[in-house]
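Visitor: The working numbering numbers the first residue of the sequence shown as -16 and each following residue consecutively.
Note that beta-carbon positions come from the ideal geometry of N, C-alpha and C, so glycine has one too.
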Amino acid sequence: MTISLEGWDIAHADEREWMPWSGSAGEARAKLLGTADGYAVVLVEAQPGYRGSPHAHAHAEFNYVVEGTVLNQGQQMKAGDGYAAAAGSSHDDFVTESGATYVVIFKL
-16 MTISLEGWDI AHADEREWMP WSGSAGEARA KLLGTADGYA VVLVEAQPGY RGSPHAHAHA
44 EFNYVVEGTV LNQGQQMKAG DGYAAAAGSS HDDFVTESGA TYVVIFKL
């Protein structure tokens, strides 16, 4: 049996390089885990005090908290929590006081 990988971008996280992840305060880094059809899956490690920059979503965005806690749009989120933000929504509040690791999926 032949298994095709055409159309797949499978990442091994230990083989991907960390890159800076932007925000308005604090430090975070990211690994690109895969892309397809204009979407990206990114693993982010945010240090305590990291604050995301306010922005509007041109496309849907999805997030899953792996470790730590974040305050997102006034809602406390912990490991196992996630969100889906619709296209056209504004992202005004995203901060981690404890530090957090999360996966975010968005259109490039």
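Please name the residue, chosen from P37, T18, T79, that lies closest to I(-7) on a Cα-to-Cα basis.
Guide: Looking up residue -7 in the sequence shown gives position 10. Ranking the options by Cα distance to I(-7), first place goes to T18.
Visitor: Using only CA atoms, which one of W4, M(-16), T(-15), L91 lies nearest to A41?
Guide: Residue 41 sits at position 58 when you count from the first residue of the sequence shown. With distances taken between Cα atoms, A41 lies closest to L91.
Visitor: Going by the CB atoms, is the gap between F45 and D32 shorter than 8 Å?
Guide: Numbered from its first residue, the sequence shown carries residue 32 at position 49. Numbered from its first residue, the sequence shown carries residue 45 at position 62. In the sequence under discussion, the amino acid at residue 32 is Gly, which differs from the Asp named in the question. Not in contact: G32 and F45 (Cβ atoms no closer than 8 Å).
Visitor: For a quick check, are the C-beta atoms of V24 and A13 less than 8 Å apart?
Guide: Here residue 24 is taken as the residue at index 41 of the sequence shown, counted from 1. Here residue 13 is taken as the residue at index 30 of the sequence shown, counted from 1. No; because the gap between Cβ atoms is not below 8 Å, this pair is not in contact.
Visitor: Could you tell me the alpha carbon to alpha carbon distance between L15 and M(-16), rounded to whole angstroms?
Guide: Here residue 15 refers to the residue found at position 32 of the sequence shown. Here residue -16 refers to the residue found at position 1 of the sequence shown. Whole-angstrom Cα-Cα distance: 30 Å.
Visitor: So what does DSSP say about E10, is it helix, strand or coil?
Guide: Mapped onto the sequence shown, residue 10 falls at position 27. Note: E10 maps to coil in three-state DSSP.
Visitor: Would W4 be called buried (16 or more neighbouring beta carbons within 10 Å of its own) or exposed?
Guide: Start at 1 with the first residue of the sequence shown, and residue 4 comes out as number 21. Label assigned to W4: buried.
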